[in-house]
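Visitor: The sequence shown begins at 628 in this note's numbering and counts up by one. Got a structure for you, questions after.
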Amino acid sequence: MALGDLLARGYFPKELPRPFVTAPFANTITQAKPLPADFAKTPSKRNGLRPAKAGKYSLARGGLFRRPLSICNPLHYFLLSKELIENWRAIEPRVSGSSLAATSPDFKVIGRAIDGKWPQTAHVNFARDRRLGMKYVLQTDINRFYGSIYTHSIPWALHSKPIAKLNRSFTLLGNKIDYWVRMAQDQQTMGIPIGPDSSLVLAELIMHRCDEALLNKIPSAKGFRFIDDYELSFKTRMEAEDAYDILESCLSEYELRLNAKKTAIKELPLPLEKTWATELKLLPFRDSQGGQAADLHNYFSRAFWLHSQFPGEAVLQFAIASLRNVSIAAGNWPMFQKLLLLCVIPEPATLPYVLEQIIQRVNAGAGAPVKEIEEIANQLIQAHANLRHSSEVANAIWACLALKLELSTNSVDAVSQCDDPVVALLALDAEGQGRTAKVIDKALWTSHMTADALYDEHWLLAYEANVKAWLPNGGGVDFVATDPNFGFLKNENVFFYDSSRATPAGAAPIPMPTLPTIVTFAGY
């Protein structure tokens, strides 16, 4: 595994719209000799490294649930990634070997740089095999897992708690990693970033120790764990109840807590996957245009009903994603788009899945999108911009770019007040490509065009809008060029937003959103 891979394919959260890239940064910084300015720093309390804040991206998960993703500062993410890669021989034994862990970090050739060894779809196989001979299962997860990880628990997991408490120097690898993580989030010790691949490594460092402690106390335990989701199988209910108390005790050693609301002891047999997923899989599609039209109406009607019966679950996301390989008859194309769009306003978390279906098929020659998509995109922007719901607004603007739609006057007014770097860059690109009904009021975004902003949550906007000359510099001074770290990146033509990837037909296929997990987990 090369450092360049982790920076190119494991840096930004995978949920960002397609135009956001990190490969130019990875290619430049891994070839720089010697490393410029602070990129050459080593951990030290006196090294003069400036702490940074990560950018924020609010992701719709379904219903009222959201997930805060982090867009880490490139300097600090590089330093953390470099530490992990250079010391992988010491780290690897500590994130592998647990018989419970399905998500041990695994280096990938395509897709994300680091991902769990087993995909989420393997839940069914694990449940089938680990429930054999058992009568009860304990299903649970950890409350606010990534957000509740105590950064000092990283050296505890690597070296043991007693050793780490006695030696707080940078001679311990765990203390170095702890330092880089804290510096990347304004020196906070609570929580690790959600989104970059490095966080899976950090999470598994801790969870492997929890698995180990649990198995030491219950050697006969059978089950599996996907990141922080546990399913443990037992012969008696008393064993399951005891296991809950033991697991909670093991986790408390690392300042973690089980989520009581998502914990249950259930009697077997249980379905191997969600009943709504099984039902949707069984619905057929005929080849004839008329037969397929009737089948699509039936499929979506059933999906809508199941969505109403299982609130908060990823019914519609799964239903849409499952249509990836269905060949839509040309005569059914307008109707198919309208069925997809019926999902978006009631459940905005479906938007990336809907866009995947429409954009890829339009790029492949399926025909023009229906006019209703422009109305829905603008409706989403106006409803969610003032709430700073990043994924709804960002994906709606990206839809306008990719499908040649226009942001209405009201949408332009709404988006100009959305203090979100990802949204701002997409909107600036949309204006430059003539996709806005009027000129955007950029006063809010221009206020972030300062030297200090390069190290706060607006770093992406401050850097990229400067490089592309989309916003004026505060005070008329090129603050990017005068910063030794970002000035180097600018001089090397590094960019994090690629306008060509926002173009319509002719662009490479967009990455498919991850298929929602469909297993019978209490914490789903």
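Just so you know, even glycine gets a beta-carbon here, dropped at the ideal spot from N, CA and C.
Can you round the beta-carbon distance between Val1042 and Val1066 to whole angstroms, since I take them to be within the 8 Å contact cut?
Guide: About 12 Å; that fails the 8 Å criterion.
Visitor: Is it the case that the Cβ atoms of Met1111 and Leu1087 are separated by a distance below 7 Å?
Guide: The residue you asked about is not Met; residue 1111 is Pro in the sequence shown. The answer is no: Cβ separation not under 7 Å.
Visitor: Roughly how many angstroms separate the alpha carbons of Ala946 and Lys844, rounded to a whole number?
Guide: Straight through space, the alpha carbons of Lys844 and Ala946 are spaced by roughly 42 Å.
Visitor: For the beta strand (DSSP E) holding Phe853, just list the boundary residues, first then last.
Guide: Lys849 to Phe853
Visitor: For His1085, collect the residues of the same chain with a Cβ closer than 6 Å to its Cβ; drop the 5 residues on either side in sequence, then sort them by chain order.
Guide: Pro1048 and His1075
Visitor: Please look up how many angstroms separate the CB atoms of Leu1098 and Thr1130, rounded, as I've assumed it's under 8 Å.
Guide: About 22 Å separates the two Cβ atoms, so there is no contact after all.
Visitor: Would you check if the segment 728-745 and the segment 775-795 touch, i.e. whether three or more CB-CB distances between them fall below 8 Å?
Guide: no
Visitor: How would you label Asn1013, buried or exposed, when you count the other beta carbons within 10 angstroms and need 16 or more for buried?
Guide: exposed
Visitor: Using a 10 Å radius around the Cβ and a threshold of 16 neighbouring Cβ atoms, would you call Leu909 buried or exposed?
Guide: With fewer than 16 other Cβ atoms within 10 Å, it is exposed.
Visitor: Can you name, in chain order, every residue of its own chain whose Cβ lies under 6 Å from the Cβ of Asn794, other than the five neighbours on each side?
Guide: none
Visitor: Roughly how many angstroms lie between the CA atoms of Thr1147 and Val764, to the nearest whole one?
Guide: Because the pLDDT at Thr1147 is just 33, under 50, the model does not fix this residue reliably, and the value given afterwards should be weighed accordingly. Between the alpha carbons of Thr1147 and Val764 lies a gap of roughly 11 Å.
Visitor: Once DSSP output is grouped into helix, strand and coil, what is the label at Ile819?
Guide: coil
Visitor: Judging by CA-CA distance, which residue of Trp715, Leu827, Ser1127 and Gln658 is the nearest neighbour of Tyr627?
Guide: The chain is shown from 628 up to 1151; residue 627 falls before or after that span and cannot be answered.
Visitor: State the DSSP-derived secondary structure class of Thr767, mapped to helix, strand or coil.
Guide: Collapsing the DSSP output to three states places Thr767 in a strand.
Visitor: Starting from Leu696, trace the beta strand (DSSP E) in both directions and tell me its first and last residue.
Guide: Per DSSP, the unbroken beta strand (DSSP E) holding Leu696 starts and ends at Phe692 to Ile698.
Visitor: Using the Cα positions of Pro1207 and Ser726, report the straight-line distance between them to the nearest angstrom.
Guide: Examination of residue 1207 is not possible in this model, given that the chain is present from 628 through 1151 alone.
Visitor: Can you tell which of Leu643, Leu829 and Ala635 has the C-alpha that lies nearest to the C-alpha of Glu719?
Guide: Leu829
Visitor: Pick helix, strand or coil for Ala1041, following the three-state DSSP scheme.
Guide: helix
Visitor: Using 7 Å as the threshold, is the C-beta distance between Leu832 and Val722 below it?
Guide: yes
Visitor: Tell me whether Lys888 is buried or exposed, calling it buried when 16 or more other Cβ atoms sit within 10 Å of its Cβ.
Guide: In this structure Lys888 is exposed. Its beta-carbon is surrounded by fewer than 16 other beta-carbon atoms within 10 angstroms.
Visitor: Can you name, in chain order, every residue of its own chain whose Cβ lies under 6 Å from the Cβ of Pro640, other than the five neighbours on each side?
Guide: Leu696 and Gly822
Visitor: Can we say the segment 813-821 touches the segment 776-784, given the rule of at least three CB pairs closer than 8 Å?
Guide: yes
Visitor: If you check the beta carbons only, do Lys1117 and Val1107 fall under 7 Å apart?
Guide: Against a cut-off of 7 Å, the Cβ pair of Val1107 and Lys1117 comes out as a contact.
Visitor: Under the assumption that Phe861 contacts Arg757 (Cβ atoms under 8 Å), give the Cβ distance between them as a whole number of angstroms.
Guide: That pair is no contact at about 11 Å.
Visitor: Between the beta-carbon of Pro996 and the beta-carbon of Leu1030, is there less than 7 Å?
Guide: yes
Visitor: In the structure shown, what three-state DSSP assignment does Val1146 receive?
Guide: At Val1146 the pLDDT is 35, less than 50, meaning the model places this residue with poor confidence; the figure from the coordinates comes in the next sentence. The answer is coil: DSSP assigns Val1146 none of H, G, I, E or B.
Visitor: Can you tell me which of the three DSSP states Pro663 falls into?
Guide: coil
Visitor: Does DSSP classify Leu859 as helix, strand or coil?
Guide: It is a strand residue.
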